Amino acid sequence: MIYSLNKVGKEFGEGRHRSVAVRDVTLHVSPGEQITLVGPSGSGKTTLFRLMNGSLLPSSGKLLYCQTDLAAMSHRQLRESRRRIGSIYQQHYLVAGMSVLANTLSGALGRWGMVSTLRNLASPSAVEMERAERCLEAVGLADKRRFRCEQLSGGQQQRLAIARTLMQEPEVILADEPVASLDPVLSNEILELLVRLAEETKVTLLTSLHQVDLALRHSKRIVGLRCGEIAFDAPTRDLDQRSLTQLYRSARERDAATGRLSQESGGASHGADSGQKGACIR
Amino acid sequence: MAQTLVKRAPAFADTKGGSIRAWRLPAFLAALLLWATWTSGIDLRLLLSWQTWAALFDFLRRLFPPDFSVSFLGTALRATWMTFATAVIATTASSLVALPLGILASGRLWRTGINASTNSRTHSWMAPLSWLVLHGMGVVRSIPDLVWALLFVAGIGLGPTAGTLALAVSYTALLGRVYADVFDETDVRPIEALEALGATRLQVFLFGILPQSRALLTSYTLYSFECSVRSAAVLGFVGAGGLGYEISLSMRLFEFPQVLTLMACFVLLLFLVDLVSRGLRAHLKENPETSSESTRGGVLQQHLRRHWLIGLVSAAILLLSLSPAGITPQSLLQSDTARHLVRFARQLLSPETSASFLREVVRLALQTISISVIGTATGAALGLLLSLPATRLRAARHESLDRSWSRRVQSEAVFWSARMTLNLLRAIPELVWVLICVIAVGFGPFAGSIALGLHTGGVLGKLFAETLEESPQEQVEAMLALGASPLQCIFWALLPQAWPMMRRYVLLRWDMNLRAATILGLVGGGGLGQALYNDVQLADYGKVSTLIAAVMVLVIGSDWLSRPSAQLEVQT
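Taken in sequence, the protein lines are chains S and D.
Per our numbering, the first sequence starts with residue 128, numbered consecutively.
Per our numbering, the second sequence starts with residue -12, numbered consecutively.
Structural data, given as structure tokens:
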């Protein structure tokens, strides 16, 4: 098992502002799997990913990555684990003001000690340069390596984010709505690229998506999230368009029934940043 | 139709309830002004008396013609170079020291973590040190650079070394804070991504924070260099060499034409520095860090390759600046310099706290506050008066084409002379105004108040004129069309709209003037500064340290006043 989540919960805020983003999620991921998470906005996909990459700690339950608890690790162990987990975000989380090549190189930071960090900053070693250029080639950005990352288009920036993750040489890639800000054609391309690269490098791939059709086309197992809970977890062949669309509709109906239609959780969301946007209030 | 009506009712509008609110701030300020004059023993009648202004005018007349003799020009140019060199060395040293301090003081790196929601693990064992650095810099900043210069002159003697060290100390604290703020205001998302892929703090800084903040760092450092040139000239007034020293010397010798030459050099220097730093900024902007045609290599190599010429010239200037700025092997390695400083610092650490002296300090602090209030009020009035003729009504321009030729020349002459007066008032620093006013009305708080008022008048007048010109002008066109004169337009259409902004400028300026008022006395403008200067001359360091503490209290207090929330309180 790459991941075993056992009744994992995460809540933000305290007292009146308390809101639950993820509750009692139990999920097992074996190596090499390709899983897609679907669910309406605020269903806890982003929070779940941030728990899985160690940016957040669970408030309850146990989250094991490769049989070890991320919460119980020392700083050094955590860093070593995070190096092996690649994260791709909805907005590309690239460093403005640095070149495409430098952004790609920064994927290797987890492998470098202090000395090689400084040396690579002044003048990257030939090995790392070659590796970075291979990664850029894999995503089709080799000719853009001298551009500043903000000169790239949206789709190119997402490719660059993928290149940085490849540079990281991770065991698992967590892609949180990687195509949310792209048009349908580009979305398809990027997902194909992700899936192909994951298969080539035998990396476990977890993607979260809004688009039901894309989820059906690009994954082998689909996990549906609703209000922080797992609604279903099934192989793609057992699911169809209707059952997925139902997830969105039923979530909406339930919210409407309790008067919380896609409601942002108000004041609480300021304190806890984007980790719990639109989380369901209980 | 709707947009041609004046949107905001004038401050004197008789809307119900609104009238009291609108009068609250002016009433408060008027009361403050009355209190200020009453406590400070400043005779405001002097301000309006004919003799005062006649004396000032007489002094200005005696400045002409400037002394352009070859021998004096040599002196003036040497002093100018010394001032410039002091600023170069001080800024270089302070930015080098401020960078690590800024990194240490960055809350995001050491104390709060990058993200409010990433709980735990953000706290570092370095957190207390980081907190200490941040607040230590705050304490250093609360002592004005001129006071630092006074202390260094007392500690290691007259000359540029003291000035350079003083500037370096105060600008290190300033830049360190600015750098820390720049680091903390970068985009957090890429940083979160780097942390998620296992980057250490150092790596997060080098690969995430630094690339994002490079442009701002350069720009703030250049800006601080411009400011430090200004400061370096002024530091000479307390004996730290350079233009200020020459100016105060010529003043004391009543060689007024020389004063004018030196001030011309000062203005020229500021102009050149402004030109060069603007050019540098443009150059850096045109050359973004990477472009498609650039070559291989790391960030550092690329930088060297692209900016080698600037680097070479800067290095040459830096080397040439060392000796005029008083930084020579002898001056630094002199065994007694360090010993002097240590002994001096030890003396400073035992403040005088007798009740009678503390009462005196409180009196002086109140006097300092009243100097700032009177100076700001005078400046606001003067600025308003001068800003009216210095405002060009865009809407009136096409109308003026119809006017007769002589009328147009006349109005242009009024406009330009108002603008020139404003620029002159603004270009001459407060402290030079103090020197001038001291000659006109003698030592004391009155000279300080007028000097502050004149400089503030220049600054506020320019801001007022800009604000008036920038406020919407459709209303002016409507009023001109119904037969109003330009002056009527300003009062009935522009002033009501620009009023909130102008009020904000006055309050901001008051905050700056409160800081300025603490040092005006160092050249004879009354208040805490004057006592400070006298006690340093008398080597009564116990009193000096008490006075410095009082200055710090005032400066920190004015910081508190200028917090955004506090300003809202004053404004509503």
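We put the CB at the ideal spot given by N, CA and C, even for glycine.
Just so it is clear, the structure is predicted and the values come from calculations on it, not from any experiment.
Nearest to residue i (by Cα), restricted to the options the options
{"i": "F478 (chain D)", "options": "D:L418, D:L35, D:L380, D:N410", "result": "D:L380"}
{"i": "L296 (chain D)", "options": "D:H270, D:I314, D:G313", "result": "D:H270"}
{"i": "R203 (chain S)", "options": "S:S146, S:F176, S:M225, S:R238", "result": "S:R238"}
{"i": "L236 (chain S)", "options": "S:N247, S:V227, S:S226", "result": "S:N247"}
{"i": "Q484 (chain D)", "options": "D:S545, D:E461, D:L369, D:F331", "result": "D:E461"}
{"i": "L263 (chain S)", "options": "S:S280, S:K189, S:A229", "result": "S:A229"}
{"i": "R376 (chain S)", "options": "S:K347, S:V339, S:R210", "result": "S:V339"}
{"i": "G229 (chain D)", "options": "D:F433, D:A63, D:L20", "result": "D:A63"}
{"i": "S280 (chain S)", "options": "S:L343, S:L313, S:I162", "result": "S:L313"}
{"i": "V127 (chain D)", "options": "D:T159, D:Q517, D:G508", "result": "D:T159"}
{"i": "E257 (chain S)", "options": "S:D310, S:M294, S:V165, S:V266", "result": "S:M294"}
Cα-Cα separation, residue i to residue j
{"i": "S131 (chain S)", "j": "G123 (chain D)", "result": "48 Å"}
{"i": "V542 (chain D)", "j": "I215 (chain S)", "result": "48 Å"}
{"i": "I76 (chain D)", "j": "T205 (chain D)", "result": "16 Å"}
{"i": "T78 (chain D)", "j": "H442 (chain D)", "result": "26 Å"}
{"i": "L193 (chain D)", "j": "M113 (chain D)", "result": "18 Å"}
{"i": "A220 (chain D)", "j": "T355 (chain D)", "result": "23 Å"}
{"i": "S279 (chain D)", "j": "K271 (chain S)", "result": "In this prediction, S279 (chain D) scores a pLDDT of 39, lower than 50, which makes its location untrustworthy; the coordinate-derived value is nonetheless stated afterwards. If I take the Cα positions, the gap works out to 7 Å."}
{"i": "L249 (chain D)", "j": "L232 (chain S)", "result": "54 Å"}
{"i": "L467 (chain D)", "j": "A480 (chain D)", "result": "10 Å"}
{"i": "Q397 (chain D)", "j": "I358 (chain D)", "result": "37 Å"}
{"i": "A92 (chain D)", "j": "R164 (chain D)", "result": "7 Å"}
{"i": "I129 (chain S)", "j": "S157 (chain S)", "result": "5 Å"}
{"i": "Y220 (chain S)", "j": "E182 (chain D)", "result": "11 Å"}
{"i": "L568 (chain D)", "j": "T70 (chain D)", "result": "Since the first and last residues shown for chain D are -12 and 559, residue 568 (chain D) lies out of range."}
{"i": "R188 (chain D)", "j": "A249 (chain S)", "result": "18 Å"}
{"i": "R118 (chain D)", "j": "S157 (chain D)", "result": "Note that residue 118 (chain D) is Trp in the sequence shown here, rather than Arg. Answer to the nearest angstrom: the Cα atoms are 19 Å apart."}
{"i": "W547 (chain D)", "j": "G470 (chain D)", "result": "47 Å"}
{"i": "V306 (chain S)", "j": "E319 (chain S)", "result": "11 Å"}
{"i": "D303 (chain S)", "j": "R95 (chain D)", "result": "25 Å"}
Residue i in three-state terms, based on DSSP
{"i": "G144 (chain D)", "result": "coil"}
{"i": "G240 (chain S)", "result": "coil"}
{"i": "K329 (chain S)", "result": "coil"}
{"i": "F241 (chain D)", "result": "coil"}
{"i": "Y216 (chain S)", "result": "coil"}
{"i": "S264 (chain D)", "result": "helix"}
{"i": "V222 (chain S)", "result": "coil"}
{"i": "V401 (chain D)", "result": "helix"}
{"i": "R203 (chain S)", "result": "helix"}
{"i": "D171 (chain D)", "result": "helix"}
{"i": "Q194 (chain S)", "result": "coil"}
{"i": "R150 (chain S)", "result": "strand"}
{"i": "L336 (chain S)", "result": "strand"}
{"i": "G188 (chain S)", "result": "strand"}
Residues that residue i contacts on chain C, provided the C-beta gap is smaller than 9 Å
{"i": "F194 (chain D)", "result": "Any reference to chain C falls outside this structure, whose protein chains are S and D."}
Range covered by the alpha helix (DSSP H) that runs through residue i
{"i": "Y210 (chain D)", "result": "197 to 222"}
{"i": "I477 (chain D)", "result": "I477 (chain D) -> no alpha helix (DSSP H), and no H or E assigned at all."}
{"i": "A63 (chain D)", "result": "57 to 92"}
{"i": "L293 (chain S)", "result": "281 to 294"}
{"i": "T355 (chain D)", "result": "342 to 374"}
{"i": "S301 (chain D)", "result": "295 to 309"}
{"i": "K271 (chain S)", "result": "Looking at the DSSP string, K271 (chain S) is not in any alpha helix (DSSP H), and its letter there is neither H nor E."}
{"i": "H144 (chain S)", "result": "First-last for H144 (chain S): undefined, no H or E at that position."}
{"i": "Q462 (chain D)", "result": "461 to 468"}
For residue i, the first and last residue of its enclosing beta strand (DSSP E)
{"i": "D303 (chain S)", "result": "299 to 303"}
{"i": "K137 (chain S)", "result": "130 to 139"}
{"i": "D527 (chain D)", "result": "It is not in any beta strand (DSSP E) - D527 (chain D) carries neither H nor E in the DSSP assignment."}
{"i": "V510 (chain D)", "result": "Where V510 (chain D) is concerned, there is no enclosing beta strand (DSSP E), given that its DSSP letter is neither H nor E."}
{"i": "Q161 (chain S)", "result": "161 to 165"}
{"i": "F359 (chain S)", "result": "356 to 362"}
{"i": "R353 (chain S)", "result": "348 to 353"}
beta-carbon residue i near the ligand GTP non-hydrogen atom, thresh 8 Å
{"i": "L35 (chain D)", "result": "Among the components of this structure there are no ligands whatsoever, and the ligand GTP is therefore not found."}
* Asked: Between the region 188 to 200 of chain S and the region 171 to 181 of chain D, do three or more beta carbon pairs fall short of 8 Å?
  -> no
* Indicate whether the contact test is met: 3 or more Cβ pairs, each with one atom in the region 441 to 458 of chain D and one in the region 487 to 495 of chain D, closer than 8 Å. => yes
* Asked: Is the region 33 to 48 of chain D in contact with the region 421 to 431 of chain D, if contact means three or more CB pairs nearer than 8 Å?
  -> yes
* Asked: Does the region 144 to 157 of chain S come close enough to the region 346 to 358 of chain S that 3 or more CB-CB pairs lie under 8 Å?
  -> yes
* Three CB pairs or more closer than 8 Å across the region 133 to 145 of chain S and the region 321 to 328 of chain S -> no
* If we count Cβ pairs, one from each stretch, closer than 8 Å, do we get three or more for the region 208 to 217 of chain D versus the region 257 to 269 of chain D? -> yes
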